[in-house]
Amino acid sequence: MQSVYEIILASEREAKKAARDHRKPFFFWPGFDQDDLFEQLRKIPYLGTYLPKGFERVRLTEEFDPNHRGIFEGDNRGFGAYFVDSTGFGGPHEPCLQVQEFLGRIRYDVAYGIVEAGEMQVKVGVFRRKK
């Protein structure tokens, strides 16, 4: 099992890679293929602590339902992130969202990036283009 320290270090390492590779958060589009749920989740880039130019993080607890199941406020920047099972074996009784639950919360006016990753869950941050 990874420690919190290891998860933070991995997030910082991924941020450097994301900056070098010019990664951007992923926008879903209406009608995305929900039959291939895990493939959709794999399209979300791991940004770690990196904030791409032209984007800002969305504070989930202000702009989304603050009592929404699956929102974790202790992400690496404190904006809140979706806490999502990445194994496919999670159940509705667990604190993290199942992939189907997460994809049911997708909005098309914002983009998504993984901000932290553990062994069995990821924290997915929400981003918007700066105006």
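Numbering (numbering that gives the first Met the number 0), first residue to last: 0 to 130.
All C-beta atoms, glycine included, are put in the ideal place defined by N, C-alpha and C.
At what residues does the beta strand (DSSP E) containing Val123 begin and finish?
Looking up residue 123 in the sequence shown gives position 124. 120–128 is the span of the beta strand (DSSP E), which, as asked, contains Val123.
If I follow the unbroken beta strand (DSSP E) through Tyr111, where does it start and stop?
What you label residue 111 is simply residue 112 of the sequence shown in a count that begins at 1. Unbroken beta strand (DSSP E) run through Tyr111: 110–116.
In terms of residues, what are the limits of the beta strand (DSSP E) holding Val83?
The residue given as residue 83 occupies position 84 in the sequence shown. That run of the beta strand (DSSP E) goes 80–84.
Who are the Cβ neighbours of Ala14 in its own chain at under 7 Å, not counting the five residues just before and after it?
Locating residue 14 in the sequence shown gives position 15, counting from the first residue. So the list reads Leu46, Gly47, Thr48, Tyr49, once near-sequence residues are dropped.
With respect to the alpha helix (DSSP H) encompassing Glu13, which residues constitute its N-terminal and C-terminal limits?
Along the sequence shown, read from residue 1 onward, the residue named residue 13 stands at position 14. Run containing Glu13: 3–19, per the alpha helix (DSSP H) assignment.
So, are the CB atoms of Leu96 and Tyr107 less than 8 Å apart?
Along the sequence shown, one-based indexing puts residue 96 at 97. Along the sequence shown, one-based indexing puts residue 107 at 108. No. Outside cutoff.
Go ahead and label Gln1 buried or exposed: buried means 16 or more other beta carbons lie within 10 angstroms of its beta carbon, across all protein chains shown.
Position 2 of the sequence shown, counted from the start, is the residue given in the question as residue 1. Gln1 is exposed by the Cβ-count criterion.
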